[in-house]
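Remarks on the structure that follows.
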Amino acid sequence: MRRRLLRGFAASVLAFAVVLPSTARPAQAADGVAGNLLNVVFALGRLMAGNGSSGDIETLIGIAIGAVTESRDEVLVYIDAHQAAEVKAAALSASNEFADFEQIIDDELGLELWARDVGRAATLGKERMPIVGRPAAEQIAQALHQLYQLARVGAEFAGLNNYLTNLTRDYIAASNSMLEKLEPDCAWIHTQTMPGGYQRSYRCVAANGVDDVIKTEQYLWGTYHLGPVDTEAVKLEAGKNSAWIVAREYLPILEQELREMEEG
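Written out as structure tokens, the structure is:
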């Protein structure tokens, strides 16, 4: 039996996220890989929230398929770390299969098997992420956002309520691991004391080891001649291609969903 699990806060946020363009979504950084993945998790989340409605389900499926396909072409195909190869393959396969989701949901047994297969792939990636280096963990995490959301959509439409709850718990755990392991490394550097003040720079390096952002502030005689540096903005800019931002933005919604599942 199918049932709508998302209510209240979670459902309203997901609805808001899909009907507005990406720049209006509740994300503090919507560029690069992070913006692409946010499109996916919100589109798939809105599809879950819309299960059971009669009027817009085909539209929601179309939006979700478009987001998943774009993420496959813009994010997943560029994953190249050896340690992430198996998770990448699973995410690509699931993304390709999701293109026929309207047909998949007509086969109850096939839908259940598909949801469980995708969920197992997500579990594999979740367990691997903590034991690899940060660049490989970043790539695994990018695939995990897609795998977990696809598995949860499958479980929702198959009526696998207990499995959906367990997947949500696992996705929350994986997201917390991402927050811990993939947060950009930031520090003040090149501090120079000057007559009447100082000059210093703030540097953040993303988990991928590539995205490196430095901003400088100079404070002399009571006035900022450069800056001041917005340290949070520097961190977000460094993380614009990171699954860390997606975890940071979507985790509160997942936690709310889980509370609603456990209460319902």
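Residues -29 to -1, 1 to 235 in mature numbering (1 follows the signal peptide of the UniProt record, and there is no 0) are what the sequence shown lists, from first letter to last. Ideal Cβ placement from N, Cα and C applies to all residues, glycine included.
Checklist entry - On the three-state DSSP scale, how would you describe S66? => result helix
Next on the checklist: Quick check on DSSP: helix, strand or coil for L31?
Outcome noted: helix
Checklist entry - Is S213 helix, strand or coil when you go by DSSP? => result coil
Checklist entry - For Y173, which residues of its own chain have a beta-carbon under 6 Å away from its beta-carbon, when the five flanking residues on both sides are left out? => result W159, K186, V200, T202, V205
Item to check | For L229 and I102, believed in contact at Cβ under 8 Å, the rounded distance | outcome: The Cβ separation is near 26 Å, so there is no contact.
Next on the checklist: If you follow the beta strand (DSSP E) that W159 is in, where does it begin and where does it stop?
Outcome noted: 156 to 165
Next on the checklist: The alpha helix (DSSP H) that contains Y134, what's its start and end?
Outcome noted: 132 to 153
Checklist entry - Among F69, A114, T94, V12, which one has its Cα closest to the Cα of A52? => result A114
Checklist entry - Straight-line CA distance for M19 to T30? => result 13 Å
Item to check | Local conformation of S(-8) per DSSP, three classes | outcome: Residue confidence is low: S(-8) scores 38 on pLDDT, short of 50, so the model does not pin down where it sits. No coordinate-derived value is stated.
Next on the checklist: According to DSSP, simplified to helix, strand and coil, what is I76?
Outcome noted: coil
Next on the checklist: Classify Q163: buried if its beta carbon has 16 or more other beta carbons within 10 angstroms, exposed otherwise.
Outcome noted: exposed
Item to check | Residue environment, G180, which counts as buried when at least 16 other CB atoms sit within 10 Å | outcome: exposed
Item to check | Close Cβ partners of S14 (< 7 Å) along its chain, the five nearest in sequence each way excluded | outcome: Reading off the sequence, residue 14 comes out as Ala, not Ser. Excluding positions up to five away in sequence, the list reads V(-12), I34, A35, A38.
Checklist entry - Under a three-way DSSP split, which group does residue 236 fall into? => result There is simply no residue 236 to check, as the chain begins at -29 and stops at 235 in what is shown.
Checklist entry - Would you call N67 buried or exposed, if buried means 16 or more other Cβ atoms sit within 10 Å of its Cβ? => result exposed
Checklist entry - According to DSSP, is A(-1) helix, strand or coil? => result Legend: pLDDT at A(-1) = 46, less than 50; position of this residue unreliable, no value from coordinates given.
Item to check | P223 (DSSP reduced to helix, strand or coil) | outcome: helix
Checklist entry - Relative to the alpha-carbon of Y119, which residue among Q54, G96, G104 has its alpha-carbon at the smallest distance? => result G96
Next on the checklist: Give me the DSSP bridge partner(s) of T194.
Outcome noted: L191
Item to check | Pair within 8 Å by beta-carbon distance, A218 and L150 | outcome: yes
Next on the checklist: Within a Cβ cutoff of 6 Å, which residues of the same chain sit near E127, ignoring the five residues on either side of it in sequence?
Outcome noted: M19, N22, L135
Item to check | Residue range of the unbroken alpha helix (DSSP H) whose run includes G125 | outcome: 105 to 129
Next on the checklist: Within 10 Å of its beta-carbon, does P155 have 16 or more other beta-carbons around it, so buried, or fewer, so exposed?
Outcome noted: buried
Checklist entry - Are the Cβ atoms of G90 and L138 separated by less than 8 Å? => result yes
Item to check | Euclidean distance between Cα positions of S42 and Q117 | outcome: 8 Å
Item to check | Integer-rounded CB distance, given that A108 should sit under 8 Å from M100 | outcome: 5 Å
Checklist entry - Does the distance from the CB of L121 to the CB of F69 come in under 8 Å? => result yes
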